[in-house]
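K.L.:
Going line by line, the protein sequences match chains X and Z. Per numbering that gives the first Met the number 0, the very first residue in the first sequence carries number 0; after that it's consecutive. Per numbering that gives the first Met the number 0, the very first residue in the second sequence carries number 0; after that it's consecutive. Once you've had a glance at the structure underneath, I'll fire off some questions.
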Amino acid sequence: MKDAITKDLRPVLRRTALVALSTLLAFATQAAAAADWELGQHLASECVACHQASGRRLEGIPAIVGLPTDQFVALMDAYSRKQRENTVMQAIASRLSPDEIEALAAYYGSLKAAD
Amino acid sequence: MPIDRRGFLASALAVPALGAPAVLGQAKPRVVVVGGGAGGATAAKYIARDSQGAVAVTLVEENETYQTCFHSNLYIGGFKSYDEILHRYDALAAKHGVTLARARATAIDRDRREVALATGERLPYDRLVVSPGIDLKYDSVPGWSKEAEEAMPHGWKPGRQTQLVRQRLDAVPDGGVIVMIAPPNPYRCPPGPYERASMFAHALKRAGKSKARIVILDAKESFSKQAAFLADWERHYGGMIEWLGPKVHDGITSVDPDTNNVVTGFETYSDCAFVNVIPAQMAGEIARSAGLAPAGGYCEIDPATMKSVADANVFVLGDACIAGDMPKSAFSANSQAKVAAMVVRSELTGSRAFPARYFNTCWSLVDTDDAIKVGGRYEPRDGKIAATETFVSRPGESDELRKQTQAENIDWYQAITADMFS
């Protein structure tokens, strides 16, 4: 009896599971996209203490507004592995998770520097 | 039972939030920020800007302009003009909608959730941010007092005192002796006295007064960036700067503002050209009188939120709080303000909250194109704000690196003051 019900319900369950899974994935993707940028925006509040929010280029601290995402990630990776000099950036990069670096890169990549 | 707005709000706040902000649906929640320095200005701006008008933010600050204590040593050393370390609050109002209350806050009534101003006005709040900086302990150096701060200036608070230190330095003759009395921990800007001594030596040397001497009588056995400072002093200034710890000078017996004499357990410095007394410090008066700090002390906070442990509606930032491993610096205050602003917005508007994290760097200029730095990254851990990564300049670093560090220092000032005031 139990087996029969299970057998009858199997396609339904499978369909339901698939729908649930795809819905979950859609939500997760949307949430991740939104969360990433929001997380990046939050984390960036630490960056603007040194890197001008205006994106103005200065002599000692580089502008990071509008930096291409892959370049941002590569730079942070180099700092976290101490392949690039600068103790401030090494301390920052080494405590950020890959997700956080991606979020920051997405956020800064989406900004446009003021002229 | 009639429920007035305050009572209604209080009961709404008492209900644990289930994903919904406590005061949504109420009239616009009110945040009052006391003190327009590095912590207060940042908190006011971030709460107002990021809540996009959903929170009414009032910044209570009696001064029209703010002189940064950070980089005031560069003014003293002749690297910056006084105007370059002055900032205004106009943009906080015009760009971010912060209401400026140009008055001194005289009292905080935590039961009624009100801040009293010297004008007689009372500002009600849902959340309060207290960032009053430090007060000086005038009785911490024998013979020194509030009345003596003209004759023997501290220069550890902005405005006239900073300018007095510069004037007194400029008047030191070749061969004159400056005695600096350096404070015990914890105090505002740990490397500050040593950067200042460097700037004294730089200005004197540049004015052709290389026979002048600076004697630092320290209350501490060691100090921030000590190895790099000592090596650089020798390299740039020969024997102009002499640092003496308490085991050597055996304590300050007395200072005399009339004769400019300083007596220690070991020797007497007579007829000094300039005595710079940097005394022991404590949280600003309004924080102490509000019961946020013990007598003569600083304010204990929750490291995850920057909330006072005495009151969950009150946040304490910057030099006035006990920030664990973080030094009392403008950078620290700015970093703490962002955590507080995030928590305030989350509680009042339901915005997303993230785990607290903090960062600090203190740059110090030793001579032209030679700056050193110390800093770290911090997180709440074991009941305090604990360092998770630290770094410090080492003696013998290359000239190129030191020049780059000073370029960072200059750029950092531009960025962080823009972050606070524009």
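We put the beta carbon where it would ideally sit given N, CA and C, even for glycine. Nothing here was measured: the structure is a model prediction, and the numbers come from that model.
Is Z/Glu233 helix, strand or coil by DSSP?
P.N.:
helix
K.L.:
Mind checking the segment 86-103 of chain X against chain Z and listing, in chain order, the residues whose C-beta falls within less than 8 Å of any C-beta there?
P.N.:
Thr86, Val87, Gln89, Ala90, Ile91, Ser93 and Arg94
K.L.:
Measuring CA to CA, which of X/Ala48, X/Trp36 and X/Gln40 is closest to X/Val87?
P.N.:
X/Ala48
K.L.:
Along the alpha helix (DSSP H) that carries Z/Ala417, what are the first and last residues, could you check?
P.N.:
Asp398 to Phe420
K.L.:
If you draw a straight line from the alpha carbon of X/Leu103 to that of Z/Ala406, how long is it in whole angstroms?
P.N.:
25 Å
K.L.:
So, is the C-beta of X/Gln122 closer than 9 Å to a C-beta in chain Z?
P.N.:
Outside the displayed span of chain X (0 to 114) sits residue 122 of chain X, for which this structure offers no information.
K.L.:
What is the rounded straight-line gap between the Cα of Z/Leu163 and the Cα of Z/Met151?
P.N.:
9 Å
K.L.:
Let me see if you follow: with CB-CB separation under 9 Å, is Z/Arg87 close to chain X or not?
P.N.:
no
K.L.:
With 9 Å as the threshold, decide whether the Cβ of Z/Leu400 is near any Cβ in chain X.
P.N.:
yes
K.L.:
Give a yes or no on contact between the segment 313-321 of chain Z and the segment 128-137 of chain Z, applying the rule of three or more CB pairs nearer than 8 Å.
P.N.:
yes
K.L.:
Can Z/Phe265 be considered in contact with the ligand HEM, in the sense that its beta carbon sits closer than 8 Å to one or more heavy atoms?
P.N.:
The model depicted lacks the ligand HEM and carries no ligand whatsoever.
K.L.:
Give me the Cα-Cα distance between Z/Ala386 and Z/Thr258, rounded to the nearest whole angstrom.
P.N.:
Z/Ala386 and Z/Thr258 have their C-alpha atoms spaced approximately 45 Å apart.
K.L.:
In terms of alpha-carbon separation, which member of Z/Asp110, Z/Arg205 and Z/Ala355 lies closest to Z/Gly76?
P.N.:
Z/Arg205
K.L.:
Would you identify the three-state DSSP class for Z/Val338, choosing helix, strand or coil?
P.N.:
helix
K.L.:
Against chain Z, with Cβ distances strictly below 9 Å, would X/Ile60 count as a contact?
P.N.:
Taking Cβ atoms only, chain Z reaches closer than 9 Å to X/Ile60, which makes this a yes.
K.L.:
Is Z/Gly18 close to chain X? Criterion is C-beta to C-beta, closer than 9 Å.
P.N.:
With a pLDDT of 43 at Z/Gly18, under the threshold of 50, the predicted position of this residue should be treated as unreliable, and no value is reported.
K.L.:
Taking C-alpha atoms, which residue in Z/Phe265, Z/Trp232 and Z/Gly290 lies nearest to Z/Arg109?
P.N.:
Z/Gly290
K.L.:
How many Å lie between X/Arg94 and X/Ser79 at the Cα?
P.N.:
8 Å
K.L.:
Taking Cβ-Cβ distances shorter than 9 Å, what residues in chain Z pair up with X/Leu110?
P.N.:
In chain Z, no part has a C-beta under 9 Å from the C-beta of X/Leu110; the shortest such distance is about 15 Å.
K.L.:
Roughly how many angstroms separate the alpha carbons of Z/Gly323 and Z/Ala218, rounded to a whole number?
P.N.:
Spanning the alpha carbons of Z/Gly323 and Z/Ala218 requires a straight line of approximately 21 Å.
K.L.:
What first and last residue would you give for the alpha helix (DSSP H) that runs through Z/Val164?
P.N.:
Arg159 to Asp169
K.L.:
Using a Cβ-Cβ distance cut-off of 9 Å, determine whether X/Leu38 contacts chain Z.
P.N.:
yes
K.L.:
Would you mind telling me which residues of chain X sit closer than 8 Å to Z/Gly375, beta carbon to beta carbon, in chain order?
P.N.:
Ala90
K.L.:
Ordered along the chain, which non-local residues of its own chain (more than five positions away) have a Cβ less than 8 Å from that of Z/Pro172?
P.N.:
Lys208, Ala211 and Ala272
K.L.:
Determine the direct distance from the alpha carbon of X/Glu99 to that of Z/Pro182, and round the result to whole angstroms.
P.N.:
40 Å
K.L.:
For Z/Leu99, I'd like the list of residues in its chain whose CB is within less than 6 Å of its CB, leaving aside the five on either flank, ordered along the chain.
P.N.:
Leu58, Tyr88 and Ala92
K.L.:
Between X/Ala52 and chain Z, is there a C-beta pair that is closer than 9 Å?
P.N.:
yes
K.L.:
At the 9 Å Cβ level, is X/Leu115 part of the contact set with chain Z, yes or no?
P.N.:
With chain X represented from 0 up to 114, any question about residue 115 of chain X goes unanswered, as that position is not in the structure.
K.L.:
How many whole angstroms separate the CB atoms of Z/Ala355 and Z/Pro379, which I take to be in contact at a CB cut-off of 8 Å?
P.N.:
6 Å
K.L.:
Can you pull the chain X residues whose beta carbon is under 7 Å from the beta carbon of Z/Thr360, in chain order?
P.N.:
Val87
K.L.:
I want to verify the contact list: residues of chain Z whose CB lies under 8 Å from the CB of X/Ala105, in sequence order.
P.N.:
Simply none; closest approach about 16 Å.
K.L.:
Please identify the residue among Z/Ile107, Z/Gly264 and Z/Asp169 whose C-alpha is closest to the C-alpha of Z/Gly34.
P.N.:
Z/Ile107
K.L.:
Could one say the Cβ of Z/Met341 lies closer than 9 Å to chain X's Cβ atoms, at least one of them?
P.N.:
yes
K.L.:
Against X/Ala48, what residues of chain Z qualify as contacts under a CB-to-CB distance less than 8 Å, listed in chain order?
P.N.:
Phe330, Asn333, Ser334, Phe358, Trp411, Ala414, Ile415 and Asp418
K.L.:
Determine the chain Z residues that contact X/Leu57 at a beta-carbon separation under 9 Å, and present them in chain order.
P.N.:
Here the neighbours are Ala406, Ile409, Asp410, Gln413 and Ala414.
K.L.:
On the premise that Z/Val373 lies in contact with Z/Ser223, defined as a C-beta separation below 8 Å, what is that separation, rounded to the nearest angstrom?
P.N.:
6 Å
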